[in-house]
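Residue 993 is where the sequence shown starts when you use our numbering, and the numbers rise one by one after that. Glycine residues also receive a C-beta, built at the ideal position from the N, C-alpha and C atoms. A quick note: this is a predicted structure, and the numbers were derived from the prediction, not measured. The block underneath contains the structure these notes are about, expressed in structure tokens.
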Amino acid sequence: MGLTVRLQKKVNGFALDIGWEIGNEMAVLFGSSGAGKTMTLHLIAGLARPDRGSVCLDDTVYYDSSTGTDLTPQERPFGYVFQNLALFPHMTVVKNILYGGAAIPEYERLDRAHEMVHAFKLAGLEDRYPHEISGGQKQRVAFARALIRQPRMLLLDEPFSALDRPLRMEMRRFLREVRDKFNVPVIMVTHDLEEASAAADKIIVYEHGRIAQTGTPDEVRNNPATGYVSRLVTLDFGAAINYN
993 MGLTVRLQKK VNGFALDIGW EIGNEMAVLF GSSGAGKTMT LHLIAGLARP DRGSVCLDDT
1053 VYYDSSTGTD LTPQERPFGY VFQNLALFPH MTVVKNILYG GAAIPEYERL DRAHEMVHAF
1113 KLAGLEDRYP HEISGGQKQR VAFARALIRQ PRMLLLDEPF SALDRPLRME MRRFLREVRD
1173 KFNVPVIMVT HDLEEASAAA DKIIVYEHGR IAQTGTPDEV RNNPATGYVS RLVTLDFGAA
1233 INYN
């Protein structure tokens, strides 16, 4: 049981053709920029439509080109944290969180929002606007908004890329706390090897829209399957891009 994806998509000369499965774990989609990682998240969440393939979580099919099944993003049980966090600047902290629960009945949504405020240590900041809180607090608001509707899986698109190193390390610890507290599987996109190794139970390495390797952090680091993967895991990131 878990998430199974088989996806094909062509856009502006780029062709994505991937397939993988994950269980109740934290999986990292790892690779250089432009390899298809974020596109994969968009296709899973229903923010874009594959040319063909399927998205199945446990016993439920959310997309299947062969049967015409294509549920809307609102009908899919995925919480999403965008790279730029996508907080609404004209909304307060609590209203940003409430926005994520738009499909929940209002009486329940308010209770759920207050639960999120306390769970993510945002008490006292409810009426502040995004420009009035710190980078780490903005991250917490984005996670609270993604989790208010109790999704069955959390999708993270390089959520810590704009943070400085000390705050990135703090947020990695925070991510582990979220994973444990909410018991939700996570898929995270990154091109940072340290982040991938620290966060992942499983790493799925992308190369030119294909899967180059899948394994634990130790397996990928110690037994790279291709020259490209070897370049990535030796931290010679510039060489990896040139190799592409």
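Discussion item. Quick check: V1181 and T996, are their CB atoms within less than 7 Å of each other?
Written reply: no
Item to complete: Could you check the C-alpha separation between H1106 and V1133 for me, to the nearest Å?
Response: 12 Å
Item to complete: Given a cut-off of 7 Å, decide if F1152 and M1163 are closer than it, judged by their beta-carbon atoms.
Response: yes
Discussion item. Restricting to Cα atoms, I'd like to know which of R1068, V1197 and I1096 is closest to A1037.
Written reply: R1068
Item to complete: Below 8 Å on the Cβ atoms is my guess for G1092 versus R1137; work out the distance and round it to an integer in Å.
Response: 4 Å
Item to complete: Identify which residue in P1177, Y1198 and D1193 has its Cα closest to the Cα of D1237.
Response: In the structure as shown, the chain starts at 993 and stops at 1236, and residue 1237 therefore has no counterpart that could be examined.
Worksheet item: Quick one: is P1042 buried, meaning 16 or more other Cβ sit within 10 Å of its Cβ, or exposed?
Response: buried
Item to complete: Taking all protein chains shown into account, decide if N1088 is buried (16 or more other Cβ within 10 angstroms of its Cβ) or exposed.
Response: buried
Fill in: Residue range of the alpha helix (DSSP H) that includes D1172
R1157 to F1174
Discussion item. By the DSSP assignment, the alpha helix (DSSP H) with L1224 in it spans what residues?
Written reply: G1219 to V1225
Worksheet item: Between G1023 and V1197, is the Cβ-Cβ spacing less than 7 Å?
Response: yes
Fill in: For K1130, three-class secondary structure by DSSP
helix
Worksheet item: In this structure, does DSSP put K1087 in helix, strand or coil?
Response: helix
Worksheet item: So P1122 and K1130 are in contact, right, with Cβ under 8 Å, and what is the actual spacing, rounded?
Response: 6 Å
Practice prompt. Give, in chain order, every unbroken run of the alpha helix (DSSP H) that is at least 4 residues long and sits entirely within the region 996-1057.
Written response: 1029-1037
Worksheet item: Considering only C-alpha positions, which residue in the set E1199, G1116, R1120 and G1045 is nearest to L1079?
Response: R1120
Worksheet entry | S1057 vs R998 beta-carbon contact at 7 Å | no
Worksheet entry | Which of helix, strand or coil DSSP assigns to A1204 | strand
Practice prompt. Give a yes or no on whether the C-beta atoms belonging to G994 and E1013 are separated by under 7 Å.
Written response: yes
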